[in-house]
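To start, the structure itself, in structure tokens.
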Amino acid sequence: MGPVQLWPSGSRTAIAPAGPDAGPVTRIDVRARDDAPREPDETVGMAAPTRSDYTDDKAVAFFRTRWRDRTSALVRDIRTTGGYLRIYTDLPEAADDSDAAITLCERGLEYLAAAGDTSRVVFVQADLGENGNPVLANVLGPDDPDCQVTSPEPR
1 MGPVQLWPSG
11 SRTAIAPAGP
21 DAGPVTRIDV
31 RARDDAPREP
41 DETVGMAAPT
51 RSDYTDDKAV
61 AFFRTRWRDR
71 TSALVRDIRT
81 TGGYLRIYTD
91 LPEAADDSDA
101 AITLCERGLE
111 YLAAAGDTSR
121 VVFVQADLGE
131 NGNPVLANVL
141 GPDDPDCQVT
151 SPEPR
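full-length UniProt numbering numbers the first residue of the sequence shown as 1 and each following residue consecutively.
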């Protein structure tokens with residue numbers, strides 16, 4: 001088997017060969033596994049948090065007590081800034097609209113609903129890279145029907 005590339009399911013980015021002399025690349029789809037709420041499992045939890053001045057402790061507590069699965073283990077920080085819920089992850093930039101990103105966005109909406117927030121603005125963001133923290137999934141308000149990446153209409 002040649003090099004292995006983890007590939008977020010649902011990603012629209014094609015596999016790029018490593019070079020003209022490179023052998024074949026094995027693609028392994030990465031999917032969120034059973035994400036139903038369950039009893040806490042001490043073996044799987046959120047990744048070590050990266051705290052900031054904007055960390056939303058209530059959101060972090062909500063996620064930690066409600067979900068302890070592999071998808072939750074991707075979360076690095078949850079922040080509320082400017083009325084937006086931002087979920088920072090370990091996911092790569094190529095994971096836009098992946099099952100894990102969509103699941104985390106839906107969980108963000110669940111948190112906002114439980115907190116009584118009707119703004120419905122959630123961003124799931126990739127690990128820090130050359131392009132900052134790219135958006136992998138989002139909801140831009142009550143008129144946005146799903147968590148697939150959307151961009152606002154130009155004015």
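By construction, the Cβ of each residue, glycine as well, lies at the ideal position given by its N, Cα and C atoms.
Beta-carbon proximity check, residue i vs residue j, cutoff 8 Å
{"i": "Val124", "j": "Thr150", "result": "no"}
{"i": "Leu74", "j": "Leu91", "result": "yes"}
{"i": "Ala95", "j": "Ile78", "result": "no"}
{"i": "Cys147", "j": "Glu93", "result": "no"}
{"i": "Thr80", "j": "Asp56", "result": "yes"}
Residue range of the alpha helix (DSSP H) that includes residue i
{"i": "Leu109", "result": "99-114"}
{"i": "Thr55", "result": "That residue, Thr55, is in no alpha helix (DSSP H); it is neither H nor E in DSSP."}
Same chain, Cβ closer than 8 Å to residue i, five either side skipped, listed in chain order
{"i": "Asp144", "result": "Arg120, Asn138, Thr150"}
{"i": "Ser52", "result": "Asp77, Arg79"}
Unbroken beta strand (DSSP E) run spanning residue i, endpoints
{"i": "Asp77", "result": "75-81"}
{"i": "Leu85", "result": "84-89"}
Sequence-distant residues of its chain with Cβ nearer than 6 Å to residue i (five each side left out)
{"i": "Asp127", "result": "Asp90"}
Same chain only: Cβ atoms within 7 Å of residue i, ignoring 5 sequence neighbours per side
{"i": "Ala48", "result": "Confidence at Ala48 is low in this model, with a pLDDT of 48, below 50, so its placement is unreliable and no value can be given for it."}
Quiz item: Should the region 126-135 be regarded as contacting the region 103-117, the criterion being three or more beta carbon pairs within less than 8 Å?
Solution: no
Exercise. Could you tell me which uninterrupted beta strand (DSSP E) segments, each at least 3 residues in length, are contained entirely in the region 115-149, listed from first to last along the chain?
Key: Correct list: 121-125, 135-140.
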